[in-house]
Each structure stands twice: as C-alpha cells, then as structure tokens.
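This report refers to the structure that appears directly beneath it.
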Amino acid sequence: MFLPIILSGLVVVLTWYVMGKRNENYWKSRGVKFYGKNKVTGPFWDYFATQGALFEKFNNLYNEFRKEPAVGLGQILTPSLFVIDAKNVQHVLAHDFQSFYHRGFDPAEDDQLADSITMMNGPRWKLMRKSMTPLFTANKLKNMYNTMDKSAQDFVDYLKANPNKWNGDFYNSAMLYCNAAICSAIFGIGTKSTFDSPFLEVARNISFSGFKNNMKFTLLSLAPSLMKSLGVKLFKDYEDFFIGAIGEVIKNKEKGITSRNDFADLCISLQKNGTLKDQTTGYEMEPTTGHLAAQAFFFFSAGVEPTAAAIFSTFYCMARHPDVLEKVHQEIDEHFEKHNGQITYNVISEMEYVDKVINEAMRIFPPIGVLTRKCVQDTVLPVGNIKVEKTGQVRVGLVHEGFRKLQLNQPISKTIRDTLIKPKIVERVN
751 MFLPIILSGL VVVLTWYVMG KRNENYWKSR GVKFYGKNKV TGPFWDYFAT QGALFEKFNN
811 LYNEFRKEPA VGLGQILTPS LFVIDAKNVQ HVLAHDFQSF YHRGFDPAED DQLADSITMM
871 NGPRWKLMRK SMTPLFTANK LKNMYNTMDK SAQDFVDYLK ANPNKWNGDF YNSAMLYCNA
931 AICSAIFGIG TKSTFDSPFL EVARNISFSG FKNNMKFTLL SLAPSLMKSL GVKLFKDYED
991 FFIGAIGEVI KNKEKGITSR NDFADLCISL QKNGTLKDQT TGYEMEPTTG HLAAQAFFFF
1051 SAGVEPTAAA IFSTFYCMAR HPDVLEKVHQ EIDEHFEKHN GQITYNVISE MEYVDKVINE
1111 AMRIFPPIGV LTRKCVQDTV LPVGNIKVEK TGQVRVGLVH EGFRKLQLNQ PISKTIRDTL
1171 IKPKIVERVN
C-alpha cells in the first residue's frame, strides 16, 4: 500500500534534484554565478512561502550579487537570468528590444481578461497598443484629471457623511478614492455610486496576497507554458462581471444614457471600424467585447491598488518626516494661493518638490517587484558576454544603479534627502 506512495515521492525528489542540477550546470558552464539557495524555484519560493513582498526578495538578491553582471536563477522548464548590471538592463529593455519584446507570460487562450496589452505579445500586442494609444494623449489625460478631481471632491463629502467608513485606515480610504476615480474614468459611472459598488470588492480581491493568488502568480512566473497547457485561468473569477460591465457601458453609451466617456467612445469606434489590422505584418484581430473588457480590466487593476499603494507610501514617508510634510504642504498652499484656489492638471506639473517626494516614496516601495522578458532569439548581453538563448527568461529588478549604495533597511530620512537634494530625479528603469 505504501510502496506506490514511497516510489512516487522518490520520483518527485529525484526529478526536483535533476532540474536543480540542470539549472546550476547550465549557468555555471557559461561562467555565470548561480543562486543556489533554491535551485528550481529561485527567489519565488521565498516569496510564496513567506508571503513577503516580491521586490524585497529581488532586492536581497541584487545586494548579494551586486558586483556580478547577472545571476542565474532556478526555473522549472526554461533557463532564467536576473540581470544586474545597468548596461545589461539597458540592453534588454532598449538596445536589443527586438530580442526581448515578449512579456514572458503565456496565458490560456480562453482566459479572456488576460488578453490585455500587459500580457499580449508580438504583433497582437503591437496592434492593441496602437488601438489604445488615443486614450493617453495630453488632452485625454487632462480630461481624466477633471474626472479624478470631481471624484476627490465627492470622496471628501462621502467621508464627512459617513465617518464610520474612515476608522483610521488610510490605505482602505485611498483604495476607496482610487476605485471611484478609475471607475468614473473608465466606465463613466458616477463617483457617488461607486463608493459602495462591487468594483471595490473586486479591486481588493485582485490585489489580495492570499494563497490562491500567490500560487497562480508563482506558477505563472516559473512555468508559464505549463500553466497555458493546463488551461489555468488567472482571472476566471472576474470574467462575467467585467465583460458584463463593459457590455453595459457600451450599450448605455450607444443609447446616450451615459455622458462623456473616452474609453466607451474608443470601444464603440473600434467595434464600428471592424477588424483591426497591422499593415506591416498583416496580423488581424476582431475587437470583441471580451478583448475590450480585458483592456478595461488592465486599466482598472493597474490603476486602483498600485495608485492607492503609492499614495499610502508617500503619506507614510511624510508622516515619518514632518519636515518633508511641512515643505510639501507649503508648496501646495503656495500654488493654491497663486491660482485662486484651483489646482489643475498643469498646476500639478509645477509642483517639483511634491513630484520628488512621490518618486522617492515609489522608489522605496515599488508598485511591482520585477520585470520579466522572454528571449525570442539568441542574443548576447554586453557585460560579461552572457549568451541568452531563445525561450530563456530574463528578469530585471526595480533597483537603480544610482542607489546601489543604499539599502532598503536604511533610515527613510536618508534615502528621502539623498533624492530630494538632487536637482534632478534619478531616472528609474521602467
């Protein structure tokens, strides 16, 4: 009875050992240091097992191998490389973009909400990105600012009328505002009707760092092709809700029920124009409601929780350092007085000190931990002469060369002041 169980266990252990040795030998034979703590899963096991922040795991890895041009990582099916040297990072993200344009994700074909510009690849990504670009012109962003400003005013009124919603929980309050602002901008929903809407619960569930979400993300990072072959859907729980919501937005816009809504206007325009076609490659795709819902889901998920986290991090840093808070307050007051109590899109761009504080807070607490790219053709990284083969995974951590000497656990005051005294914000790798 126990023999099959014992044999199965031995097979699993042996397979795990072989995969680990394969990963280690692969990179050592190329003269690349290898992260041997977890030879199959790399830092992702620490992330999954400890439920800690992913960027902290990669920051620790960066500090351990900071003198190396790159370090090999454990991966289940394909080689994985964590790029450290700034020139190699620039090579991956800019100079040799044609070799690394693949996002490293391969969602299941019927995973409709995963079919967004963040997970699309090749001509499909290029075509959808081009189609979505009109949303981000200067005029459209200014229009979105007006929507967000109105949402902020409604948010203040809502908290005054519902003091029990505050409870001293600043992060959830920031989520409440961001949810209202994004829903108003994307779906054309009146702000006051979104404070207690299902969208807020969806936003919380998407960002919730629980066992199920972390398991999916870890497996997607370590074995994307396996996840695709098994047909695992990343966002199955939200498909009906979001596709239905976008369908309703488009229907109401066509009937003239909703007011100005740039996203709905774009959706209607794309569907009326019919098949999308890339003139260079000839690639075609139909702008179905499912495809458009996926883009809305991306804007929603990337706009609510990360923005709330950035707001929370900024206020946390200022709360730790009242002198910084006082200077931020002073700059805002000066612009209120200068512009007769009106803060517009253009006025915000004049607040240089506020901009620096926000950027520094996001550097200390980055919204995402690491960028992933999949190599689509054999290439060589310049520093270290490291060959990256086709299908290999490359990861870039959000730690910039300009902050190599700074540690995450140093006093926040030092990292804030080191940035704020600079006449120019150090550019970060995007």
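Under this note's numbering, the residues of the sequence shown are numbered 751 to 1180, in order.
All C-beta atoms, glycine included, are put in the ideal place defined by N, C-alpha and C.
Note that the structure is a prediction, hence the values are computed from the model and not measured.
Check, Outcome
"Would you tell me roughly how many angstroms separate the C-alpha atoms of A803 and G1119, rounded to the nearest one?", "8 angstroms"
"Grab me the residues of D899's own chain with a C-beta within less than 6 angstroms of its C-beta, minus the 5 sequence neighbours each way, in chain order.", "none"
"Is it right to say T1031 is buried, meaning 16 or more other beta carbons lie within 10 angstroms of its own, or is it exposed?", "exposed"
"Just to confirm the assignment: which complete beta strand (DSSP E) runs, minimum length 3, are found wholly within the segment 782–844?", "820–823, 830–833"
"Can you list, in chain order, the residues of its chain whose CB lies under 7 angstroms from that of F920, leaving out five sequence neighbours each side?", "F1062, F1065"
"Alpha carbon to alpha carbon, how far is H845 from V1054? Give it in angstroms, no decimals.", "32 angstroms"
"Which class does G770 belong to by DSSP, given the choice of helix, strand or coil?", "helix"
"Taking 9 angstroms as the threshold (C-beta atoms), are I1136 and R780 in contact?", "yes"
"When the distance is taken between beta carbons, is L976 closer than 9 angstroms to L827?", "yes"
"So, with DSSP's three-state summary, where would you put V1138?", "strand"
"Relative to the C-alpha of K1140, which residue among P829, G1024, V1097 is closest?", "P829"
"Just verifying my parser: in three-state terms, what is the DSSP assignment at G1147?", "strand"
"Quick one, are the C-beta atoms of V1126 and Q848 less than 9 angstroms apart?", "yes"
"Kindly give me the distance between the Cβ atoms of A935 and F905, rounded to whole angstroms, as I take these residues to be in contact under 8 angstroms.", "Between F905 and A935 the Cβ distance is about 14 angstroms, and since that is not below 8 angstroms, they are no contact."
"In the segment 985–1061, which residue ranges form an unbroken alpha helix (DSSP H) of at least 4 residues, counting only runs that do not cross its ends?", "989–1005, 1012–1023, 1039–1053"
"With distance defined between alpha-carbon atoms, name the residue in C1067, K778, L760, F794 nearest to G964.", "Before going further, note that residue 964 is Asn rather than Gly in the sequence given. Considering only alpha carbons, the answer is F794."
"For K1155, count the other beta carbons within 10 Å of its own beta carbon; 16 or more makes it buried, fewer makes it exposed. Which is it?", "Its pLDDT being 39, under 50, K1155 is placed unreliably by the model, and the measurement read from it follows with that caveat. Per the 10 Å Cβ criterion, exposed."
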